[in-house]
Amino acid sequence: MKSLLNLPLHYQILIALIVGSLLGIAFKPPVVTPQNIVGTVQIENGDFVLSETGDGGKTYFQTTIKATPDDPDKQMGELERRFDAVAEVIKAAPGQSEYTYTISDPSVQLISERNSITIRYVREQEGKQAISSIKAASRDTLIKEHPAWVSFYDEQSQDWRHILVLGAKALGDIFLSLLKMVTIPLIVTSLISGITGLGSSSQFGRMFGRTLLYYLCTSVLAITTGLIMVNLIQPGVGAILPGGGEIVAGENESLAGVFLGLVDKLIPTNIVEALANADFLSIIFFSILFGIFTIYAGGKTAEFITKMANSGFEVMMRMTMGIIHLAPLGVLAFMYYATATQGLDIFITLSWYMLAVFMALLFHAAVVLPLILKFVAKTSPLAFAKAMSPALMTAFSTASSNATLPLTITSVEQRGKVSNKVSSFVLPLGATINMDGTALYEAVAVLFIAQATPGIDLIIMDQILVAVTALLASVGAAGIPHAGLVMMAIVLQAVGLPLEAQGIIIAVDRVLDMCRTTVNVWSDSCGCAVIDRFESGTTGSTDEVLIAGEG
Numbered sequence: 107m108k109s110l111l112n113l114p115l116h117y118q119i120l121i122a123l124i125v126g127s128l129l130g131i132a133f134k135p136p137v138v139t140p141q142n143i144v145g146t147v148q149i150e151n152g153d154f155v156l157s158e159t160g161d162g163g164k165t166y167f168q169t170t171i172k173a174t175p176d177d178p179d180k181q182m183g184e185l186e187r188r189f190d191a192v193a194e195v196i197k198a199a200p201g202q203s204e205y206t207y208t209i210s211d212p213s214v215q216l217i218s219e220r221n222s223i224t225i226r227y228v229r230e231q232e233g234k235q236a237i238s239s240i241k242a243a244s245r246d247t248l249i250k251e252h253p254a255w256v257s258f259y260d261e262q263s264q265d266w267r268h269i270l271v272l273g274a275k276a277l278g279d280i281f282l283s284l285l286k287m288v289t290i291p292l293i294v295t296s297l298i299s300g301i302t303g304l305g306s307s308s309q310f311g312r313m314f315g316r317t318l319l320y321y322l323c324t325s326v327l328a329i330t331t332g333l334i335m336v337n338l339i340q341p342g343v344g345a346i347l348p349g350g351g352e353i354v355a356g357e358n359e360s361l362a363g364v365f366l367g368l369v370d371k372l373i374p375t376n377i378v379e380a381l382a383n384a385d386f387l388s389i390i391f392f393s394i395l396f397g398i399f400t401i402y403a404g405g406k407t408a409e410f411i412t413k414m415a416n417s418g419f420e421v422m423m424r425m426t427m428g429i430i431h432l433a434p435l436g437v438l439a440f441m442y443y444a445t446a447t448q449g450l451d452i453f454i455t456l457s458w459y460m461l462a463v464f465m466a467l468l469f470h471a472a473v474v475l476p477l478i479l480k481f482v483a484k485t486s487p488l489a490f491a492k493a494m495s496p497a498l499m500t501a502f503s504t505a506s507s508n509a510t511l512p513l514t515i516t517s518v519e520q521r522g523k524v525s526n527k528v529s530s531f532v533l534p535l536g537a538t539i540n541m542d543g544t545a546l547y548e549a550v551a552v553l554f555i556a557q558a559t560p561g562i563d564l565i566i567m568d569q570i571l572v573a574v575t576a577l578l579a580s581v582g583a584a585g586i587p588h589a590g591l592v593m594m595a596i597v598l599q600a601v602g603l604p605l606e607a608q609g610i611i612i613a614v615d616r617v618l619d620m621c622r623t624t625v626n627v628w629s630d631s632c633g634c635a636v637i638d639r640f641e642s643g644t645t646g647s648t649d650e651v652l653i654a655g656e657g
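Position 488, counted from 1, in the sequence shown is what this note's numbering calls 594; the numbers after and before it change by one each time, with no gaps.
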């Protein structure tokens, strides 16, 4: 144990990541496979009432699709989107009041957290897979809204493996809370310290322009990579989308509305409220202005504020380093939770889609960004990746670039040897608006849905519209809760695809979120190296400083 603690941090985190994954596979909560389930559809007052019952009359699923007198086709369209096989059974024998359909290979899994319950029910209907996610905030809510699942929840929630998963999630959340605790004061002190250290507002303006140019170029390259990959692999061609889709977020969002919201977030009317609500854009904007006007104030005022900001930043860095020593425990807990709660059935169903997203992210992260590092930043990609490995592995396990920000800052400055004046500006802004991985993911997801939706064929102009919308949404959705889902809704609406498709691919979102968050953090880190090269004029390889800084 002592020898493990003496290992460099990135090795400790890597070991924790592997061990957490193995433990999640070994002690995965049970997946129940009910037998002899019969599916029935009854027509009651024009409504389609679906129910699936097993041995002893136990109900495993029940839902009602309401009739729409003004538009009968809309009701059948909803049934086709959610339960395509059931719709085919009804179409084959119209006019009946009751239908039956076969259920095969059913599996049920409980996924609960401290404040939510999710029951994932996977089965095949007439040879086509359907996936339903039953969600409730608590057991009382489950009793009111989904009484058929209460007995299943009571049985499964007592299983020791399930309790272990909840314990792992709680431990991971504690680590995440500690990181979030230091994020805002670290951003404020880091930004003010970095900007006052520039000495003039003209230097800040130059760095700001270069940073935005980098964000724009890498985002365009990421989206282009995604579009090329999804057209090469074509994961949606011939695919049958699982049933049970639902609108998850962003139903009433528009690109204009999101950008107006961005402006509202940018300029805080109450900075104390912005700090309390963790409105990153507001905090960054105010901190930048505060730093610039400190330079203009000059004299003893500027000297005092600069000294105070530097002192505050030094304290926050020491506090952050103390918390970072707990990273292996947090990573292990998160990887255990992620591995133990993901079902194989949905991965098999959406395997080609996941492959397309993963390959596109891998190409952008392992080819495009390293080429930028090599030829623009004049830095060794392998050495810089090694420097950033603690932050990248933490981003992968937590799936949160904002929460990983303290670790990203320390890795960039202390291991990558990037100056504080660059990292203090590039990283907080990048964690908020530079989302290469997310923009790429949106483009691939939308084209996958288009390929798998009958009658939809996105021509090159439509794909360009997807690319532009994904790019704008990736910037505009900054600071919005569930930004990725809101972005997806905007892009889906732009090309006329059903918003219910969100619910279809959200089942594998956790794993893909881990991957795209890692790419987001890697892109921000590479941006630091690029901007630092132009700001400082250094052209030396990172290898030398890494060797010096490993002690």
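Don't be surprised by glycine CBs; every beta carbon is placed ideally from N, CA and C. Source: prediction; values computed, not measured.
| Check | Outcome |
| --- | --- |
| Residue 319 in three-state terms, based on DSSP | helix |
| Closer than 7 Å: residue 603 CB and nearest the ligand SAH heavy atom | Questions concerning the ligand SAH fall outside what the structure shown contains, since it holds no ligand whatsoever. |
| Span of the alpha helix (DSSP H) around residue 477 | 475 to 481 |
| Alpha-carbon spacing of residue 616 relative to residue 221, whole angstroms | 17 Å |
| Burial state of residue 300, where buried means 16 or more other Cβ atoms lie within 10 Å | buried |
| Backbone secondary structure at residue 652 - three-state DSSP | For residue 652, the pLDDT reaches just 42, beneath the cut-off of 50, and the residue's location in the model is therefore unreliable, although a value from the coordinates is still provided. Residue 652: helix per DSSP, three-state reduction. |
| Beta-carbon proximity check, residue 277 vs residue 435, cutoff 8 Å | yes |
| 8 Å Cβ cutoff, residue 564 in contact with chain C | The structure shown contains no chain C; it is built from a single protein chain. |
| Separation of residue 508 from residue 598, as counted between CA atoms | 26 Å |
| Expected contact under 8 Å - CB spacing of residue 211 and residue 226 to nearest Å | Contact doesn't hold; Cβ gap of about 14 Å is too wide. |
| Integer Cβ distance of residue 556 from residue 562, believed to fall under 8 Å | 5 Å |
| Secondary structure of residue 485, DSSP reduced to three states | coil |
| Which residues DSSP lists as bridging residue 145, in chain order | 158 and 207 |
| Residue range of the unbroken beta strand (DSSP E) whose run includes residue 168 | 165 to 171 |
| Rounded separation between residue 272 and residue 219 - CA only | 6 Å |
| Extent of the continuous beta strand (DSSP E) to which residue 231 belongs | 222 to 231 |
| Residue 405, enclosing alpha helix (DSSP H) - first and last residue | 405 to 430 |
| CA nearest to the CA of residue 65, picked from 573, 266, 392 and 232 | The requested residue 65 does not occur in the structure, where the chain is confined to residues 107 to 657. |
| Residue 614 to residue 197 span [Cα, whole Å] | 31 Å |
| Beta-carbon proximity of residue 601 to residue 571, cut-off 8 Å | yes |
| CA-to-CA distance, residue 255 to residue 264, given in whole angstroms | 15 Å |
| Separation of residue 258 from residue 163, as counted between CA atoms | 14 Å |
| Unbroken stretches of the alpha helix (DSSP H), 4 residues or longer, contained in the stretch 528 to 584 | 542 to 558 and 566 to 582 |
| Cβ-based burial, residue 131 [other Cβ within 10 Å; buried from 16] | exposed |
| Assigned secondary structure, residue 605 (DSSP; H/G/I helix, E/B strand, else coil) | coil |
| CB of residue 482 within 8 Å of CB of residue 638, strictly | no |
| Cβ-based neighbour list, residue 603, same chain, cut-off 8 Å, excluding 5 preceding and 5 following | 552, 555, 556, 559 and 562 |
| Alpha-carbon to alpha-carbon, residue 249 and residue 173 | 26 Å |
| Alpha-carbon to alpha-carbon, residue 503 and residue 661 | The structure shown has nothing for residue 661, since the chain only spans 107 to 657. |
| Close Cβ partners of residue 304 (< 7 Å) along its chain, the five nearest in sequence each way excluded | 310 and 527 |
| Beta-carbon proximity of residue 545 to residue 329, cut-off 8 Å | yes |
| Exposure of residue 260, with buried meaning 16 or more beta-carbon neighbours within 10 Å | exposed |
| Closest by C-alpha distance to residue 532, when choosing among 429, 414, 320 and 459 | 320 |
| Distance between residue 621 and residue 460 (C-alpha atoms, nearest Å) | 11 Å |
| For residue 216, the residue or residues it bridges with in DSSP | 225 |
| Burial state of residue 179, where buried means 16 or more other Cβ atoms lie within 10 Å | exposed |
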